[in-house]
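**Student:** Numbering (our numbering), first residue to last: 207 to 335. Structure incoming, see below.
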């Protein structure tokens, strides 16, 4: 995380072969800020896609529960920029198409749905306000 935050560029650093972002949510039960480094994929000029894959585990990652419970308390760091964002969980064909585009850039994301029975959420983050 510290290496990411030392970045002086306004674009998402590439780590593990794909762009990464830092997501901060507020714990649904604790009220404490929680920060996670995730794959972050550009979606147009001012939006990013993240995937609640938890590497194909049977349960959703905690950050996904947090953003659902506290949707007004979500921040995204992209390179050296930090902004408050709004999360939109994609559904149906839009989710499937987004996940396919992500898997083209980062093939591991295409493997995760094969490891679980749950539908893996794809979330679009856009600047708030």
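Ideal Cβ positions, reconstructed from N, Cα and C, are used throughout, including at glycine.
Decide if the stretch 268 to 284 is in contact with the stretch 306 to 318; the criterion is three or more beta carbon pairs, one per stretch, under 8 Å apart.
**Tutor:** no
**Student:** Use the C-beta contact count for residue 226: other C-beta atoms within 10 angstroms, 16 or more gives buried, fewer gives exposed.
**Tutor:** buried
**Student:** Hey, quick one: how far does the beta strand (DSSP E) through residue 329 stretch, first residue to last?
**Tutor:** 328 to 333
**Student:** What residue from 243, 223, 332 has the CA that sits closest to residue 290's CA?
**Tutor:** For the residues 243, 223, 332, the minimum Cα distance to residue 290 belongs to 332.
**Student:** Inspect the beta-carbon positions of residue 294 and residue 240 and report whether they are closer than 8 Å.
**Tutor:** no
**Student:** Hey, residue 319 and residue 270: beta-carbon distance below 8 Å or not?
**Tutor:** no
**Student:** So, are the CB atoms of residue 273 and residue 254 less than 8 Å apart?
**Tutor:** no
**Student:** DSSP three-state label for residue 282, please.
**Tutor:** strand
**Student:** May I ask which residues mark the beginning and end of the beta strand (DSSP E) holding residue 245?
**Tutor:** That run of the beta strand (DSSP E) goes 239 to 245.
**Student:** Give every residue of the same chain whose Cβ lies closer than 8 Å to the Cβ of residue 322, excluding the five residues on either side of it in the sequence, and list them in chain order.
**Tutor:** 262, 263, 264
**Student:** Give me the Cα-Cα distance between residue 258 and residue 266, rounded to the nearest whole angstrom.
**Tutor:** Rounded to the nearest angstrom, the gap between the Cα atoms of residue 258 and residue 266 is 6 Å.
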